[in-house]
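Novice: First, the structure itself, so that you have it in front of you.
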Amino acid sequence: MADDEGVEAPMSENPESQDSPMAESRESTTMRFPSVAGPEIDAPETDHVLTRADQATVDALRPGTALLVVLRGPNTGARFLLDDASVTSGRHPDSDIFLDDVTVSRKHAVFTREGDTFSVRDVGSLNGTYVNRERIDEATLHTGDEVQIGKFRLVFYAGRPQS
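No gaps in the numbering here: position 64 of the sequence shown is 208 in my numbering, and each next residue is one more.
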């Protein structure tokens, strides 16, 4: 046997033993795997496409509210309404947005609203909070922004401005 570089792999000296299952387990094998292109946050992303139901929900948002739609993660497709002045997110069951995954801190991030402006603030999480793939301490959110909390990728959609 030869690998890609022409170096022969060791063979058993006893030809009869090559037919036994034990002989196969004693031979060393080299396997090649394709490289992985860095952490998940560096992977290119396609445009966010809403389902009809999600689009109908966004269109029906009350003025001064917003919606987060889970694009990737254990709860893909889940929707979270931001309708309070402050909405907590994390792995703690008492979080307003409960994200049950070990990559999420118990108290991870807080979404806040001042007038018609929404922002997200990391509250000392271990893995950080990202907006559009940039780690943030705090950031103002705009429709279409992608917020990453642990493995969860959520897309932000603002409702109509308040009158």
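Beta carbons: idealized from backbone N, C-alpha and C, even for Gly. Computed from a predicted model, the values in this text were never measured in an experiment.
For residue 280, which of 288, 225, 268 has the nearest alpha-carbon?
Specialist: Indexing the sequence shown from 1 puts residue 280 at position 136. Checking every option, the nearest Cα to that of residue 280 belongs to 268.
Novice: State the DSSP-derived secondary structure class of residue 200, mapped to helix, strand or coil.
Specialist: Residue mapping note: residue 200 aligns to position 56 of the sequence shown, counting from 1. In this structure, residue 200 counts as helix in the three-state DSSP scheme.
Novice: Might you give, ordered along the chain, the residues of its own chain that have their beta carbon closer than 8 Å to the beta carbon of residue 223, omitting 5 neighbours on each side?
Specialist: Position 79 of the sequence shown, counted from the start, is the residue given in the question as residue 223. Excluding positions up to five away in sequence, the list reads 198, 201, 211, 212, 213, 214.
Novice: Just how far apart, CA to CA, sit residue 233 and residue 244?
Specialist: Stepping through the sequence shown from its first residue, residue 233 is reached at position 89. Stepping through the sequence shown from its first residue, residue 244 is reached at position 100. Rounded to whole angstroms, residue 233 to residue 244 spans 10 Å at the Cα level.
Novice: Could you work out which residue in 259, 287, 292, 296 is closest to residue 218 when comparing CA atoms only?
Specialist: Position 74 of the sequence shown, counting from 1, holds the residue named residue 218. Ranking 259, 287, 292, 296 by Cα distance to residue 218 puts 296 first.
Novice: May I have the straight-line CA-CA distance separating residue 236 from residue 253, to the nearest angstrom?
Specialist: Indexing the sequence shown from 1 puts residue 236 at position 92. Indexing the sequence shown from 1 puts residue 253 at position 109. Going by the C-alpha atoms only, they are around 12 Å apart.
Novice: Considering only residues of the same chain and omitting the five flanking positions on each side of residue 275, which have a CB-CB separation below 6 Å?
Specialist: For the purposes of this step, residue 275 is taken as residue 131 along the sequence shown, with counting starting at 1. Cβ within range, chain order: 283, 289, 291.
Novice: Apart from the five residues on each side of it in sequence, which residues of its chain come closer than 6 Å, Cβ to Cβ, to residue 231?
Specialist: By one-based count along the sequence shown, residue 231 stands at place 87. 240, 255.
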